[in-house]
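*Asks:* Count the sequence shown with my numbering and you get residues -12 to 120, in order.
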Amino acid sequence: MMSLRKRTVAFTLVEVMVAVAVLGLSAAGSLRLFALSARSLEAVRSGRENLDLSRTLWIRAVAGDLDERGRNEEYEWETGRFDFPGQNDVPEGFFCKTLIVYPKRSTSRLQGEKREKVVIYIPDFKIKKGRTQ
C-alpha cells in the first residue's frame, strides 16, 4: 500500500539566508546610488546658483553699479583691471576688468583652508565705445 503522506514544501535555512543576503546587497547598492544622485543633484544646484550669481554680478559690473570691493550675506567680491600679461603693446579697447567672487567664509572651515573663487573677465565697454572702428 502507498503511504498517503502529504509533502510539505518549505525553504531550508540556507535558502532563506541566501535570499536575505541577495536582498541586502541590492538594498546597499540602491542606497549607494541614492547617495550619488543626491550628491550630483547638490552639485548641479550649486552650479546653477553660482551661474546666476555670476550673471547678476556681471550685469552690475557692466552697468557700473558694482563697487570695487563688497560683501553680501553669501559672497564677497573685488574688481580690478586686467592688462593681458606678457603683451606690452595692447591695442586700445582690448582691456578688461576682472571680477573675483569668493564664497562667504563659514565658521566651520579651518583658517588655513584655501577658498574657492570665481574669476569673471568683463570687457571694458567704456574704452570700446570710444573706438571708431
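Idealized CB from N, CA, C, for every residue including glycine.
Should residue 55 and residue 66 be called a contact, given that it needs their Cβ atoms to be closer than 8 Å?
*Replies:* Going by C-beta atoms, residue 55 is nearer than 8 Å to residue 66.
*Asks:* DSSP state of residue -4, grouped into three classes?
*Replies:* Coil.
*Asks:* Rounded to a whole number of angstroms, what is the C-alpha to C-alpha distance between residue 60 and residue 3?
*Replies:* Each residue's alpha carbon lies about 56 Å from the other.
*Asks:* Can you grab the Cα-Cα spacing for the pair residue 88 / residue 17, in whole Å?
*Replies:* The straight-line gap from Cα to Cα measures roughly 38 Å.
*Asks:* At 3 residues or longer, what runs of the beta strand (DSSP E) sit wholly inside the stretch 20 to 85?
*Replies:* Counting only runs of 3 or more, we get 56 to 58, 62 to 69.
*Asks:* Are the CB atoms of residue 48 and residue 84 nearer to each other than 8 Å?
*Replies:* Closer than 8 Å, so yes.
*Asks:* So, for residue 45: in the same chain, excluding its five sequence neighbours on each side, which residues have a beta-carbon less than 8 Å away from its beta-carbon?
*Replies:* Correct list, in chain order: 86, 107, 109.
*Asks:* Measure the C-alpha to C-alpha separation of residue 97 and residue 10 and round it to an integer number of angstroms.
*Replies:* Only weak support exists for where residue 97 lies, its pLDDT of 47 falling under 50; the value from the coordinates is given anyway. Rounded to the nearest angstrom, the two C-alpha atoms are 42 Å apart.
*Asks:* Take the Cβ of residue 20 as the centre, count every other Cβ of all protein chains shown within 10 Å, and call the residue buried at 16 or more, exposed below.
*Replies:* So residue 20 counts as exposed.
*Asks:* I need the straight-line Cα distance from residue 50 to residue 12, nearest angstrom please.
*Replies:* Their backbone Cα atoms lie some 57 Å apart in a straight line.
*Asks:* Using DSSP bridges, identify the partner residues of residue 88.
*Replies:* According to DSSP, which records beta bridges pairwise, residue 88 is partnered with 64, 105.
*Asks:* Quick one, are the C-beta atoms of residue 62 and residue 38 less than 8 Å apart?
*Replies:* No, the Cβ-Cβ distance between residue 62 and residue 38 is not below 8 Å.
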